[in-house]
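J.:
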Amino acid sequence: MPEGPELHLASRYINTVCAGLIFSGKVEKSEVSKNPEVLFESDAYLISATSRGKEIKLTLTPLKEEKNTLPGRGRDREGLSQNGLQQPMDLVFRFGMSGSFKLTSAAELPKHAHLRFYTKDSPHRALCFVDVRRFGRWEVHGTWQPDRGPCVMVEYEKFRLKIPPFEKARTVLEALQHRKQQSPDLTLSKKVKLKQENPDLLELCHAVPMEVIHMGGMGYGPEPSDDAAAFEEWLQCYGVPGMRSLHDGNGRTIWFQGEPGPMAPKGKKSRKKRSWVNGDPEPPSPKVTKPVPKRSSKGSSGQEKVAKRSGRKKGKELVQGAENAKAHEARKPNTRSRRKASASQASLTNEAPAADRKRQASARRSTGAATAAPRSRRVKAE
DNA sequence: CGTCCACGTCTAC
DNA sequence: TAGACCTGGACGG
């Protein structure tokens, strides 16, 4: 559950489902987790959350001035004042690749629930930090990690200044400059309108995550019904049939539409893990790939799952270069790929009809895009 | 069964 | 700048 907007949704979710809930007792950590114990104990406490970029902070607040009923028992706990009262505690979480929060029945904890906060009243429930891959971290008495970039959702203005000097900004800046020169004689309102219809890259860094937040869902909707499909449907580039992808210097898959651009990794470097360990020293061939959503014909008995991300790709299966609608029409059709196919078609035209502008802008989206560059070089956004 | 892949850091060379 | 840290789903044989 790692992307910026998702962390924000997680904090909203927590504040919603924990509103009015009273928690009690100790905070429980799974055996297997290597994260620190949370030595917090209170007869009655509240949980609230805030997020900042890809971090989320839980605040545990004891309800009243309760006495520690068992003197000495709490000695090993942190955050106790002299008289044995439990003080409020902040926990800062990072979600790694798979972290999330879930309020569930305490009787049936979900798998991989590595930190549990139990409600006071029965039927007991548990707010769980669920994290399949355990890349997620939490820190007791945590604070926002100091060397992180601003939050694209709530601190967007901070991206306006202090652009790292080594950022390859030429293209971006030239584009902005170009835009400026284009419309020197327009009225202010016309300029504003133009800007809204053609948001620049920086504005999109804000607008796109905000769109996800307003969409809601992501497992953090009011109902447990959940709606991952809506998000998949919303994605314009990432994992979408017809879009292209390649691997950057760190082996990360970058999704995009159209030309990869002058900084594109040159073939050889792009494969991190060798897939040809024994014999068959086949050169790691392709550079630019079209995702071939390999939905094998087997098992597709009408109710196939929504195409999940990209299919598995091997060299020989990769389709090179300038492919087209034909290619993916031949592929497994589903509603999603169909819709996307037409969307990308539309955006190939420079002059999209005005009604399609918004869609055209979003066709550039890939939620993975901002995570592409190595940390040290990145505009400190995530 | 085995291989590859995944929304991210984190740290040891 | 490579691995390391993990589980599990999709796919291939």
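Adding 15 to a residue's 1-based position in the first sequence gives its number in my numbering. Note that the Cβ used here is the ideal one computed from N, Cα and C, for glycine as well.
Determine, using beta carbons only, whether aspartate 146 and glycine 99 come nearer to each other than 8 Å.
T.: Their beta carbons are not under 8 Å apart, which means aspartate 146 does not touch glycine 99 by this criterion.
J.: Taking 8 Å as the cut-off, decide whether the C-beta atoms of leucine 36 and alanine 59 are in contact.
T.: Not in contact: leucine 36 and alanine 59 (Cβ atoms no closer than 8 Å).
J.: What is the DSSP secondary structure of threonine 74, counted as helix, strand or coil?
T.: The answer is strand: DSSP assigns threonine 74 an E or B state.
J.: Taking threonine 158 as the reference, give the member of Val42, Thr65, Asn265 with the closest Cα.
T.: Cα-wise, what sits closest to threonine 158 is Thr65.
J.: Alpha carbon to alpha carbon, how far is proline 214 from leucine 201? Give it in angstroms, no decimals.
T.: If I take the Cα positions, the gap works out to 17 Å.
J.: Distance, Cα to Cα, histidine 429 vs glycine 264?
T.: No answer is possible for residue 429: the residues shown for the chain start at 16 and end at 397.
J.: Kindly indicate which residue of Leu219, Asp162, Gly266 has the alpha-carbon position closest to the one of glutamate 172.
T.: Closest option to glutamate 172, Cα to Cα, is Leu219.
J.: Give the C-beta separation of leucine 54 and isoleucine 62 to the nearest angstrom, bearing in mind that I take them to be a contact with Cβ-Cβ under 8 Å.
T.: Actually they do not touch by this definition, with Cβ atoms about 16 Å apart.
J.: Distance check for glutamate 247 and serine 398, CA to CA, integer angstroms please.
T.: Summary: the structure shown does not reach residue 398, with the chain confined to residues 16 through 397, and so no result is reported for it.
J.: Within 10 Å of its beta-carbon, does valine 42 have 16 or more other beta-carbons around it, so buried, or fewer, so exposed?
T.: Buried: at least 16 other Cβ atoms inside 10 Å.
J.: Looking only at DSSP bridge pairs, what is glycine 56 linked to?
T.: Contrary to the premise, residue 56 reads as glutamate rather than glycine in this sequence. Answer is Lys41.
J.: Less than 8 Å separating the beta-carbons of phenylalanine 38 and lysine 135?
T.: Taking 8 Å as the Cβ cut-off, phenylalanine 38 and lysine 135 qualify as a contacting pair.
J.: Tell me the rounded alpha-carbon separation between valine 155 and threonine 119.
T.: Taking the straight line joining both Cα atoms gives about 23 Å.
J.: Whole angstroms is fine: what's the gap from arginine 163's alpha carbon to serine 113's?
T.: Approximately 20 Å, taken between the alpha carbons.
J.: Applying the 10 Å Cβ sphere with the 16-neighbour rule, what's the burial state of glycine 273?
T.: Exposed, because fewer than 16 other Cβ atoms sit within 10 Å of the Cβ of glycine 273.
J.: Measure the C-alpha to C-alpha separation of valine 169 and glutamate 21 and round it to an integer number of angstroms.
T.: Going from the Cα of valine 169 to the Cα of glutamate 21 covers about 14 Å.
J.: Below 8 Å between beta carbons: does that hold for phenylalanine 271 and leucine 217?
T.: No, Cβ-Cβ distance for phenylalanine 271 and leucine 217 is not below 8 Å.
J.: For isoleucine 269, which residues does DSSP report across the bridge?
T.: DSSP lists Leu261 as partners of isoleucine 269.
J.: Please classify histidine 229 as buried or exposed, where buried requires at least 16 other C-beta atoms within 10 Å of its C-beta.
T.: Flag for histidine 229 reads exposed.
J.: Just mark arginine 152 as buried or exposed, buried being the case when its beta carbon has 16 or more other beta carbons within 10 Å.
T.: Buried, because 16 or more other Cβ atoms sit within 10 Å of the Cβ of arginine 152.
J.: Starting from glycine 19, trace the alpha helix (DSSP H) both ways and give me its first and last residue.
T.: Looking at the DSSP string, the run of the alpha helix (DSSP H) that includes glycine 19 is 19-32.
J.: Cα separation between proline 165 and proline 51?
T.: Proline 165 and proline 51: Cα-Cα distance of roughly 26 Å.
J.: Let me know the secondary structure DSSP gives tryptophan 159 once reduced to three states.
T.: Note: tryptophan 159 maps to coil in three-state DSSP.
J.: Could you tell me the distance, in whole angstroms, from the CA atom of valine 255 to the CA atom of threonine 268?
T.: Valine 255 and threonine 268: Cα-Cα distance of roughly 13 Å.
J.: Shortest alpha-carbon distance to asparagine 28 belongs to which of Gln251, Gly231, Tyr253, Arg149?
T.: Looking at the sequence shown, residue 28 is not asparagine but tyrosine. The shortest Cα separation from tyrosine 28 among Gln251, Gly231, Tyr253, Arg149 belongs to Gly231.
J.: By alpha-carbon positions, which one of Arg67, Glu123, Ala243 ends up nearest to histidine 139?
T.: The candidate whose alpha carbon is nearest that of histidine 139 is Glu123.
J.: Quick one, which of Phe144, Pro125, Ala121 has its alpha-carbon nearest valine 107's?
T.: Checked all of Phe144, Pro125, Ala121; the closest Cα to valine 107 is Phe144.
J.: Since phenylalanine 443 is in the alpha helix (DSSP H), which residue starts that stretch and which ends it?
T.: There is no way to answer for residue 443, as the model of the chain reaches only from 16 to 397.
J.: Do lysine 69 and aspartate 105 have their C-beta atoms closer together than 8 Å?
T.: Against a cut-off of 8 Å, the Cβ pair of aspartate 105 and lysine 69 comes out as no contact.
J.: Should alanine 25 and tyrosine 235 be called a contact, given that it needs their Cβ atoms to be closer than 8 Å?
T.: The answer is yes: Cβ separation under 8 Å.
J.: Whose C-beta lies closer than 6 Å to the C-beta of leucine 130 among residues of the same chain, with five residues either side of it excluded?
T.: So the qualifying residues of the chain are Lys44, Phe144.
J.: To the nearest whole angstrom, what separates the beta carbons of arginine 480 and serine 260, a pair I think is in contact under 8 Å?
T.: With the chain covering 16 to 397 only, the question about residue 480 has no answer from this structure.
J.: Roughly how many whole angstroms lie between the Cα atoms of arginine 109 and glutamine 160?
T.: Each residue's Cα considered, the two are about 10 Å apart.
J.: Rounded to whole angstroms, what is the Cα-Cα separation between proline 101 and phenylalanine 132?
T.: Here the sequence assigns glutamine to residue 101, which means proline is not the residue at that position. Each residue's alpha carbon lies about 15 Å from the other.
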